[in-house]
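A.B. asks: Could you have a look at this structure, given as structure tokens, before my questions?
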Amino acid sequence: MDPVLITGASGILGLLFAVFLVFYVLKHDEGTERMKEISSAIKEGALAFLGREYRILALFVVIVTFVLGIVPNLGWWVAFSFLFGALCSGLSGFAGMNIAIRSNSRTAAATRESLNEGLRVSFRSGGVMGICVVSIGVIGLSIIYFIFKDHPNFLEILPGFGMGASSVAIFARVGGGIYTKAADMGADLVGKVEKGIPEDDPRNAAVISDFVGDNVGDVAGMGADLFESYVDSIIATMTLCMIAYTAGMDNPLTPDTATAWALPMLIAAGGIIASIIGFFFVRVGEKPEMEALLTALRKGTFGASILTTLFSFLIIYILKVDVGIFWAVFAGLIAGILIGESTNYYTSYAYSPTRKIAESAQTGSGTIIVRGFANGLQSTMPPVIFVAVAIIIANYFADVYGVAIAGIGMLSTLGITLATDAYGPVADNAGGIVEMSDLPSEIRSRTDALDSLGNTTAATGKGFAIGAAALTSLALMLSYTQAVGIKASDVSLLDARVIVGLFLGAMLPALFCAMALTAVGRTCFSIVNEVRRQFKEIVGLMEGKARPEYGKCVDICTKAALKEMLMPGIMTVVAPLVVGFILGPIALAGFLIGAIASGFVIAVMMANAGGSWDNAKKWIERGNFGGKGSDAHKAGVVGDTVGDPMKDTAGPSLNIMIKLMSIISLVFAPVLSKFSGLI
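Put into structure tokens, the structure is as follows:
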């Protein structure tokens, strides 16, 4: 029996578990008529945006499929693989968001019963996204494997799947990020700063678009991001092993090629089973304390990590694989955990960095901005060191194959890790629904506890996603260099082409961030003006006697996000091809190295600076340094507003940018290998 069949079976098991989670969530009551009404508006806005986004993506995917099909040395099988990867990515994002928008009111209603029940509903909703991403990923790759494993061009066909996943991810992440942060910033600037009304106040016209944005950006967008990392890490590992065996590896780490292909898939399968078991470890008491809630989730993720370690060792032992590969997997897994913990330290108000940022708000917006920015810069050190150590360990024990499989180790528990992240927007929406439905303060305190936990897990999840992107991109870059025949000695810093590539690659993440932040700023400008107009023109709105026109803000965000996402996405697709064809394959290798190094650091800085500003504001809102309505709170809102597009739009989108450029380079390697460049 081909061992990859086990991987496909684990994917089917995962989907069955996702169905179980869906039934568990949907059996819960949606709450009062007012709660159902608010949830329905969120659902309508989210599905409308996703439908329009997918229509645009469908056109892009069809065009690229045709181009791949007619390019010499690629062909229609590569095009098919690309199309299939895009479909799988879109399906996983839709499945996760579709349950999230049906879980918000159910979570709000469940908190009326108990905090534990509210956590169960919201966390299992996030679990649908996590399990769907990994299950669809391994099923999709298994299908490609069984169709093409004996095809002479399997080496070229397999990366096409990853390119399809990456192409959907870049637009989903950027478009969703622009939507969610423009709405969030607009709601905060007019509502909190100008009008002095609470967060999620029903008088604010942008509040529904803010809820919609949580789903399209932080659920569908994050899911597409990590689906891409997950499948790309497996593809990079399989590609490296195929190239190594084709070249006649002197000291093979696995008994044969088939084992080398199956190993990353089997480790992924073990991770799916471990994640499913980990879900049953998550439970909490009735005290709405951050530490108790965080401990409940950690039981699940740490339990899954321990089980994955055991499963990986057993798989490696049974397949008679070099034990060095186990240490590479273990290094990646530990690096992922440590990156999450370091992110938590720098962004949670339970620790001094964020509390000191909140303290600096007492002297105004300027000091909180400077302190938060400095915190973001400082926070880049631990993740870079953790990834560097993981690379050294993996390379020592298993050469470049080990570096690639370390990425699989980091992502092996994605099923439950993503659940802890995707749960956050559901809890956030639930808190807003409780606020808008005028439920008792006791219920709001429970949803606030879940929301605070969601902010912490979201920040941790972003750090994890960035670290995974760095390792995955590096593995893809190594696969590219092997595919075009570049040796380590060929990439010399004395070569002008390499230096030029490095500089161009290091510059591109900064340019990409500028485009994303500008897009958020432009869209926010329109939202602010619309909310101001409604407060001015709708009689009785401020007094609560009239309702705002929520649909106007939803429409503004939808149109602007879909328009603004195109340029960053197209630039990411085109840039590596331009560098490769004009400057040559060696320059492109330097370009990818520069982009990965620069993108990794900038993404960590933006995500952690934004997360620390957000939680500094929340620390003030808990009654510190004057509490809500104080000058410190107003400064905290400004800091949070600056950080929002950094942590939820620009920073996370860099993950996909560096992975997409790397996978495109790998897909076009057969073509680029025949060019020495025009210059």
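Going by this note's numbering, the first residue of the sequence shown is number 34, and it counts up by one from there. Even glycine gets a Cβ: it sits at the ideal position worked out from N, Cα and C. Remember, it's a predicted structure, so these values are computed and weren't measured experimentally.
Grab me the residues of residue 97's own chain with a C-beta within less than 7 Å of its C-beta, minus the 5 sequence neighbours each way, in chain order.
C.D. replies: Excluding positions up to five away in sequence, the list reads 115, 200.
A.B. asks: Hey, out of 408, 697, 585, whose CA is closest to residue 618's CA?
C.D. replies: Considering only alpha carbons, the answer is 697.
A.B. asks: Can you tell me where the alpha helix (DSSP H) with residue 666 in it begins and where it stops?
C.D. replies: Looking at the DSSP string, the run of the alpha helix (DSSP H) that includes residue 666 is 664-678.
A.B. asks: Roughly how far, in whole angstroms, is the beta-carbon of residue 659 from the beta-carbon of residue 666, given that I think they are within contact range, below 8 Å?
C.D. replies: The pair is a contact, with the Cβ atoms about 6 Å apart (cut-off 8 Å).
A.B. asks: Within the same chain, show all residues whose beta-carbon is closer than 7 Å to that of residue 632, passing over the 5 residues directly before and after it, in chain order.
C.D. replies: Cβ within range, chain order: 542, 687, 690, 691.
A.B. asks: Do residue 266 and residue 444 come within 8 Å of each other at the CB atom, strictly closer than that value?
C.D. replies: It is a contact, given that the beta carbons lie within the stated cut-off.
A.B. asks: Let me check understanding here. Comparing Cα to Cα, which of 202, 203, 164, 240 lies closest to residue 310?
C.D. replies: With distances taken between Cα atoms, residue 310 lies closest to 164.
A.B. asks: Under DSSP, the alpha helix (DSSP H) around residue 411 begins and ends at which residues?
C.D. replies: Looking at the DSSP string, the run of the alpha helix (DSSP H) that includes residue 411 is 398-411.
A.B. asks: Taking the alpha carbon of residue 553 as the reference point, which residue from 162, 489, 57, 215 has its own alpha carbon closest?
C.D. replies: Out of 162, 489, 57, 215, 215 has the C-alpha closest to the C-alpha of residue 553.
A.B. asks: Determine the contact status of residue 516 and residue 699, defining contact as a CB-CB distance below 8 Å.
C.D. replies: In this structure, residue 699 lies closer than 8 Å to residue 516 by Cβ.
A.B. asks: Restricting to Cα atoms, I'd like to know which of 74, 76, 155 is closest to residue 479.
C.D. replies: If we check each option's Cα against that of residue 479, 155 comes out closest.
A.B. asks: Using a 10 Å radius around the Cβ and a threshold of 16 neighbouring Cβ atoms, would you call residue 217 buried or exposed?
C.D. replies: Buried, because 16 or more other Cβ atoms sit within 10 Å of the Cβ of residue 217.
A.B. asks: Taking the beta carbon of residue 382 as the centre, do at least 16 other beta carbons fall within 10 Å, making it buried, or is it exposed?
C.D. replies: Answer is buried; the Cβ neighbour count reaches 16.
A.B. asks: Just mark residue 110 as buried or exposed, buried being the case when its beta carbon has 16 or more other beta carbons within 10 Å.
C.D. replies: Buried.
A.B. asks: Measure from the alpha carbon of residue 47 to the alpha carbon of each residue in 656, 293, 307, 235, then state which is nearest.
C.D. replies: Per the Cα distances, 307.
A.B. asks: Where does residue 695 fall in DSSP's three states?
C.D. replies: Of the three classes helix, strand and coil, the one that applies to residue 695 here is helix, per DSSP.
A.B. asks: Would you call the segment 428-435 and the segment 137-155 touching, i.e. three or more CB-CB distances under 8 Å?
C.D. replies: Cβ pair count under 8 Å is below three, so no.
A.B. asks: My guess is that residue 613 and residue 701 are in contact by the Cβ rule of under 8 Å, so how many angstroms apart are they, rounded?
C.D. replies: Yes, residue 613 and residue 701 are in contact; Cβ-Cβ is about 7 Å, under 8 Å.
A.B. asks: With 16 other CB atoms within 10 Å as the buried threshold, where does residue 570 fall?
C.D. replies: Residue 570 comes out exposed.
A.B. asks: What I want to know is whether the C-beta of residue 469 ends up closer than 7 Å to one or more non-hydrogen atoms of the ligand MG.
C.D. replies: This structure simply doesn't include the ligand MG, nor any ligand for that matter.
A.B. asks: Go through its chain and collect everything with a Cβ distance to residue 269's Cβ below 6 Å, but skip five positions before and after it.
C.D. replies: Once the five neighbours on either side are set aside, the close Cβ partners of residue 269 are 437, 508, 509, 512.
A.B. asks: Comparing alpha-carbon positions, which option in 536, 159, 496, 579 lies nearest residue 625?
C.D. replies: Checked all of 536, 159, 496, 579; the closest Cα to residue 625 is 536.
A.B. asks: So is residue 656 buried or exposed if we call it buried at 16+ other beta carbons inside 10 Å?
C.D. replies: Exposed: under 16 other Cβ atoms inside 10 Å.
A.B. asks: Which value, in whole angstroms, describes the spacing of the CA atoms of residue 245 and residue 559?
C.D. replies: Each residue's Cα considered, the two are about 17 Å apart.
A.B. asks: Between the Cα of residue 640 and those of 562, 399, 366, 488, spot the shortest distance and give me the residue it belongs to.
C.D. replies: Measuring from the Cα of residue 640, the nearest candidate turns out to be 488.
A.B. asks: Hey, could you find the ends of the alpha helix (DSSP H) residue 416 is sitting in?
C.D. replies: Per DSSP, residue 416 belongs to the alpha helix (DSSP H) from 414-444.
A.B. asks: Out of 397, 419, 410, which one is the CA nearest neighbour of residue 367?
C.D. replies: Out of 397, 419, 410, 419 has the C-alpha closest to the C-alpha of residue 367.
A.B. asks: How do the segment 198-212 and the segment 595-614 stand: do at least 3 beta-carbon pairs fall below 8 Å, yes or no?
C.D. replies: These segments touch.
A.B. asks: Taking DSSP as the reference, what is the three-state secondary structure of residue 297?
C.D. replies: DSSP places residue 297 in helix when its eight states are reduced to three.
A.B. asks: Please classify residue 609: is it buried, with 16 or more other beta-carbons within 10 angstroms of its beta-carbon, or exposed?
C.D. replies: Buried: at least 16 other Cβ atoms inside 10 Å.
A.B. asks: Just how far apart, CA to CA, sit residue 333 and residue 312?
C.D. replies: About 6 Å.
A.B. asks: Among 620, 252, 664, which one has its Cα closest to the Cα of residue 80?
C.D. replies: Nearest of 620, 252, 664 to residue 80, Cα basis: 252.
A.B. asks: Distance check for residue 528 and residue 384, CA to CA, integer angstroms please.
C.D. replies: Their backbone Cα atoms lie some 46 Å apart in a straight line.
A.B. asks: For the alpha helix (DSSP H) containing residue 57, name the first residue and the last one.
C.D. replies: It spans 37-59 - the alpha helix (DSSP H) in which residue 57 sits, taken as one unbroken run.
A.B. asks: Buried or exposed: where does residue 229 fall if 16 or more other Cβ atoms within 10 Å of its Cβ makes it buried?
C.D. replies: Classification of residue 229: exposed, given that the 10 Å Cβ count is below 16.
A.B. asks: With distance defined between alpha-carbon atoms, name the residue in 50, 71, 149, 113 nearest to residue 476.
C.D. replies: That would be 149, whose Cα lies nearest to the Cα of residue 476.
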